[in-house]
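Just so we're aligned: 203 in the UniProt record's numbering is position 203 of the sequence shown, and the numbers increase by one with no gaps anywhere.
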Amino acid sequence: MTATAIALVIENDPTNGARRLGEWLTEAGLELRVLRPYAGDALPEDLTGYDALVVLGGYQQPYPAPDGTPGAGWFPALEGLLRKAVRYRVPTLAICLGAQLLATAHAGTVQRSEAGPEIGPTVVGKRDAADGDPLFRYVPMIPDVLQWHVDEITELPHGATLLAASTRYPHQAFRLGDRAWGLQFHIECDTDMIADWASDSAVLAELDYDPELVVAACAEILPDVEEVWQPFAARFAALAQGRLPDAEPRRTLPLLGH
1 MTATAIALVI
11 ENDPTNGARR
21 LGEWLTEAGL
31 ELRVLRPYAG
41 DALPEDLTGY
51 DALVVLGGYQ
61 QPYPAPDGTP
71 GAGWFPALEG
81 LLRKAVRYRV
91 PTLAICLGAQ
101 LLATAHAGTV
111 QRSEAGPEIG
121 PTVVGKRDAA
131 DGDPLFRYVP
141 MIPDVLQWHV
151 DEITELPHGA
161 TLLAASTRYP
171 HQAFRLGDRA
181 WGLQFHIECD
191 TDMIADWASD
201 SAVLAELDYD
211 PELVVAACAE
221 ILPDVEEVWQ
231 PFAARFAALA
241 QGRLPDAEPR
251 RTLPLLGH
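In structure tokens:
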């Protein structure tokens, strides 16, 4: 009998669990081991024994404070895990804050967005490179997503492949190597999670957004989000299980005479 593939899930914030994404991954055959470092769970030194890594979002800043203090005490260790995941080709899915940490762990740049906060339902546009990506190739050209962030990846790590963009925030999804993906947007949310975020949100107050309207607008597109991103999650699970090919190699023109 084949052993069940195990995904290590890092939850950075008690209000941002795996929720629907966790359900999709479990339905696709992954076993989830959740660590909550904010509650005192220690992060492992490496990913031995794990077939995939999922890093979720959170309210923290992914970059240090002016005095050098990290956004959370476990972020240096988490960035180390993200570097090892890319180096050893462990399938990795990093969402919102997780994607920003994936970027900063590899010398990308994240800062408070000059475009302002991005909150609620929106769409992103696939880039040409997505056509050769094992997860993104079947995503529609302009998929629905949910946004809830004030920071922005302003510079991708060297060698990263941009997979999706939007007008105000050009780095919406990217891949590092052939097995690590960062999504600036959210795909895991359910209505209760969004309502929790909206219930006491300084960002919504700053934008003068009605929390009830934001929650209702997000809830309305959840079926559309599921239609696109549940199959995406299933493909990630298949990759972790060894049932999905990696990214297509970059095509080059043959040399004349060969």
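For glycine and all other residues, C-beta sits at the position ideal for the given N, C-alpha and C.
- Taking the Cβ atom as the reference point for each residue, do ALA5 and GLY29 lie within a distance shorter than 8 angstroms? yes
What is the DSSP secondary structure of ILE6, reduced to helix, strand or coil?
-> strand
Q.
Distance check for ALA237 and PRO79, CA to CA, integer angstroms please.
A. Contrary to the premise, residue 79 reads as Glu rather than Pro in this sequence. Using only the alpha carbons, I get a separation of about 22 angstroms.
Using the Cα positions of THR154 and VAL110, report the straight-line distance between them to the nearest angstrom. 6 angstroms
| request: Give the range of the beta strand (DSSP E) segment to which GLU31 is assigned. | output: 31 to 35
- PHE174: which of LYS126, PRO37, ARG36 sits nearest, CA to CA? LYS126
Next on the checklist: Can you give me the C-alpha to C-alpha distance between ASN12 and GLY58, rounded to a whole angstrom?
Outcome noted: 6 angstroms
Residues that ARG112 bridges to, as DSSP identifies them = ASP151
>> Would the segment 232 to 246 count as touching the segment 153 to 169 if we require 3 or more Cβ pairs under 8 angstroms?
In response: no
Review point. Under 8 angstroms, do VAL90 and LEU43 count as touching if we go by C-beta distance?
Key: no
Subject >> The alpha helix (DSSP H) enclosing TRP167, as first and last residue numbers >> reply: The sequence given here has Thr at residue 167, not Trp. THR167 -> no alpha helix (DSSP H), and no H or E assigned at all.
- Mark HIS171 as exposed unless 16 or more other C-beta atoms lie within 10 angstroms of its C-beta, in which case mark it buried. buried
Which of helix, strand or coil does DSSP assign to GLU220? helix
Practice prompt. Give the secondary structure of TRP74 by DSSP, where H, G and I count as helix, E and B as strand, and everything else as coil.
Written response: coil
Exercise for review: Look up LEU253 in the DSSP assignment and say whether it is helix, strand or coil.
Suggested key: In this prediction, LEU253 has a pLDDT of 44, which is less than 50 and means its spatial position is unreliable; nothing more can be read from the coordinates.
**Asked** In chain order, what residues of the same chain lie with their CB nearer than 8 angstroms to the CB of LYS84, ignoring the 5 residues before and after it?
**Response** ASP46, LEU47, VAL90
Original post:
Out of curiosity, what's the CA-to-CA distance linking LEU183 and ARG235?
Top reply: 15 angstroms
**Prompt:** Since ARG175 is in the beta strand (DSSP E), which residue starts that stretch and which ends it?
**Reply:** 173 to 176
- Buried or exposed: which applies to GLY49, given that a residue is buried once 16 or more other Cβ atoms fall within 10 Å of its Cβ? exposed
Closest Cα partner of GLY98 within the set PRO66, ALA72, PRO211, ALA115: ALA72
Helix, strand or coil for MET1 per DSSP? Only weak support exists for where MET1 lies, its pLDDT of 42 falling under 50; the value from the coordinates is given anyway. Three-state result, MET1: coil.
* With DSSP run on the structure shown, which of helix, strand or coil describes ASP51? -> coil
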